[in-house]
Every structure is written in C-alpha cells, then in structure tokens.
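Working notes, structure below.
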Amino acid sequence: MPKVWTDAERDNRESFQASKTQEQVIRSLYRHGCDFSWLDGDAVLNAEIRAGHLVIAAHEYTSIIMPRVELLPLPVIQKLLQFEKAGGKLLWVDALPRLGDKPEEHSAVRAAVAASQSIPPEKVVEKLGPAFPETFRLRVDGGVEGLFIARYVRN
Numbered sequence: 208m209p210k211v212w213t214d215a216e217r218d219n220r221e222s223f224q225a226s227k228t229q230e231q232v233i234r235s236l237y238r239h240g241c242d243f244s245w246l247d248g249d250a251v252l253n254a255e256i257r258a259g260h261l262v263i264a265a266h267e268y269t270s271i272i273m274p275r276v277e278l279l280p281l282p283v284i285q286k287l288l289q290f291e292k293a294g295g296k297l298l299w300v301d302a303l304p305r306l307g308d309k310p311e312e313h314s315a316v317r318a319a320v321a322a323s324q325s326i327p328p329e330k331v332v333e334k335l336g337p338a339f340p341e342t343f344r345l346r347v348d349g350g351v352e353g354l355f356i357a358r359y360v361r362n
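Numbering-wise, the sequence shown is residues 208 to 362 according to our numbering.
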C-alpha cells in the first residue's frame, strides 16, 4: 500500500472504495478532456432547475456525477431527482445512497433512489455522451489570425 494512505482509509474498506471510485472517475474525465466542478449539498439545494440544467450563479450543469456517494441528505437527493426529472443527467457511480443525514432519513433515502441504477466508473464518459451533437459545426469566416478557441475562459 502507498504510504500516503491514512490508517482510517486502510481500516475502513468503504472509505477506501469511495476514494478509489472517485479517482477512477476523475482520471476518466481528464483522459477524455471533460472539465468538472465539485458541488456541495448547499450549492445543489440553492440551485435553480431550468430546462434540464442545474443553475448555480453563472454556471449551468447538464450532468451530475455522484461517485460512490452512500450518505446524502434527503433534501439533496430530492433536488437531484428533480433535476433528473427535468431532463438533466444524474449518474450514480458504483453505489446508490443508502443513508441520510439523520437516522430517520435512511429509509426515505433508499426509497427515493430505489428506481435508480448505479454504473461502473468506466461507463461514466460513455453515459455522459458527446460534448457536442453530431450536427455541431464550427465555421470561421475570414482569417484565423487572432482567433483563440477554448472550452472555457476564466476571468
């Protein structure tokens, strides 16, 4: 085992497996040129849902990936399921949530995701689909001098 592992990770198989799943998903996204952001529960709860997009301030998300998230507050799950119902992609990877924030939420959490399925990490990019539809075409009129194309620009 690498020396960077903590005793808790070594002793807690679930923690280790969660870290492993997360790492597999991150590596796969990077390999395929996919950008991503980390969202916390408050960001999800305060987000708007518009036409299959989860809107948080100036950012819009069409897909949410949940890598081996086994504990999740019930209100967050409910918001994510609303997002999915509105047309967003919600990918549960390697496991479905089974615990809520409080013991009284546990059974409601399991019931909320009962119809959902988890996928293995290696299927995430495939399930996300192409970044642009096949019909997408970019046409540049005039010269290309001074043209800069990027997936995103940061201020």
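Yeah, the Cβ is synthetic: ideal placement off N, Cα and C, and Gly gets one too.
Quantities reported herein were computed from a predicted structural model and do not represent experimental measurements.
Per-residue burial, residue 345 [other beta carbons within 10 Å of its own, 16 or more giving buried]
When all chains shown are included, residue 345 counts as exposed.
In the structure shown, what three-state DSSP assignment does residue 255 receive?
Strand.
When 289, 222, 234 and 338 are compared against residue 257, the one with the closest alpha-carbon
Restricting attention to 289, 222, 234 and 338, the CA atom closest to the CA of residue 257 is found in 289.
Select from 284, 277 and 325 the residue whose C-alpha is nearest the C-alpha of residue 226.
If we check each option's Cα against that of residue 226, 277 comes out closest.
According to DSSP, is residue 345 part of a helix, a strand, or is it coil?
It is coil, neither helix nor strand.
In or out: residue 237 buried (at least 16 other Cβ within 10 Å) or exposed?
The residue in question, residue 237, is exposed, as its Cβ has fewer than 16 Cβ neighbours within 10 Å.
Quick one: what does DSSP say residue 383 is sitting in, helix, strand or coil?
Residue 383 lies beyond the residue range present for the chain, which begins at 208 and ends at 362; the question has no answer from this structure.
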